[in-house]
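If you're matching positions, the sequence shown starts at 119 in this note's numbering and goes up one per residue.
Beta carbons: idealized from backbone N, C-alpha and C, even for Gly.
Here is the structure we will look at.
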Amino acid sequence: MNFFSFFCALILAIASGCTTIQPLGSSPPVSTNDGLIQLVNYEFTGRIAVKQDEKGNYGNIRWMKRGTDTEITLFSPLGQVVAHIHSQSETVTLTVADQRKFYAENEEVLMRQVLGYSVPIKGLNYWLLGRPALSSPAEQKFRPDGLVGGFQQDGWSIGYTDYMAVGGLELPRHMVLNRDGLEIRLVIDQWNLGTDAK
């Protein structure tokens, strides 16, 4: 699996600074992020690193979500656009660096057509906000501050090593995903919640 392929798979799922987390418990002492359920519009910029079989690659990402529309742009470390994805309620368009375009009815269909495999699309929508998806079981571990420290879901192990305060919520700054020897690290430099954070 090359970096571009996995990178596209990851961002199609909608869709720095690490700290050592404190010991985790099995239940949250405080509910700190109830407002997450009200998020409709948000965007972030950050960096991503993918490692598999001792080989690694990295790049930058800009993610913009407005209701049912999502626009994701991938950049090389030098700032060149690698791919652009526009996901709407009924169609998804992927434009790669050489301006070739791919279309499908949804992200999962497009991923299978272009890449030949898929990742848990609906799950990542939740994981990016620091919570497990509602569609399948997950055993969560909580930090003493009530934030999610990590969980396992759909064969993936997701961990959060840092959060940042944004609009009255605590959103992930640094998350790590692992499955079958594949490691993805996402560092979010800036969140923008617009006006829908309660």
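Determine the closest residue to residue i out of the options, with distance taken between C-alpha atoms.
i: Lys173; options: Glu189, Asp307, Gly299; result: Gly299
i: His204; options: Pro195, Phe260, Leu228, Gly197; result: Leu228
i: Arg261; options: Leu252, Thr163, Tyr281, Gln270; result: Tyr281
i: Glu257; options: Gln271, Leu247, Leu246; result: Gln271
i: Leu157; options: Glu301, Ile306, Val294, Glu288; result: Glu288
i: Arg291; options: Thr279, Gly285, Arg297; result: Thr279
i: Ile276; options: Val284, Lys219, Gly241; result: Gly241
i: Asn296; options: Phe269, Gly197, Glu208, Trp274; result: Trp274
i: Val294; options: Thr188, Lys169, Glu189; result: Lys169
For residue i and residue j, I'd like the C-alpha separation in whole angstroms.
i: Tyr244; j: Ser254; result: 12 Å
i: Pro195; j: Ala167; result: 11 Å
i: Val214; j: Leu311; result: 27 Å
i: Asp216; j: Thr191; result: 14 Å
i: Val304; j: Ile179; result: According to the sequence provided, residue 304 is Leu. The question's Val does not apply to it. Approximately 9 Å, taken between the alpha carbons.
i: Val284; j: Lys219; result: 35 Å
i: Leu212; j: Gly286; result: 34 Å
i: Gly197; j: Glu208; result: 30 Å
i: Tyr160; j: Trp181; result: 8 Å
i: Asp171; j: Ile302; result: 13 Å
i: Gln206; j: Glu189; result: 9 Å
i: Gln231; j: Glu223; result: 11 Å
i: Phe269; j: Leu247; result: 13 Å
i: Leu193; j: Phe162; result: The amino acid at residue 193 is misidentified as Leu; the sequence shows Phe. Those two C-alpha atoms are separated by around 14 Å.
Label residue i either buried or exposed according to how many other C-beta atoms from any shown protein chain fall within 10 Å of its C-beta, with 16 as the threshold for buried.
i: Arg184; result: exposed
i: Val210; result: buried
i: Val199; result: exposed
i: Glu225; result: buried
i: Leu252; result: exposed
i: Arg249; result: buried
i: Ala201; result: buried
i: Tyr221; result: exposed
i: Gly164; result: buried
i: Trp309; result: buried
i: Thr186; result: exposed
i: Ile306; result: buried
i: Ser149; result: Because the pLDDT of Ser149 is 44, which lies under 50, any placement of that residue in the model is unreliable, and the number read from its coordinates should be weighed accordingly. Exposed, because fewer than 16 other Cβ atoms sit within 10 Å of the Cβ of Ser149.
In the DSSP assignment, what residue or residues form a beta bridge with residue i?
i: Leu304; result: Ile166, Met293
i: Arg180; result: Thr163, Thr191
i: Gly277; result: Gly268, Val294
i: Trp309; result: Phe162
i: Leu212; result: Ile203, Phe220
i: Gly174; result: Lys169
Compute the minimum distance between the beta carbon of residue i and the heavy atoms of the ligand HEM, and state whether it is under 6 Å.
i: Phe162; result: Within the structure as shown, the ligand HEM is missing, as the structure has no ligands at all.
If contact is defined by three or more beta carbon pairs under 8 Å, each pair taking one atom from either stretch, is the stretch 166-180 in contact with the stretch 248-266? no
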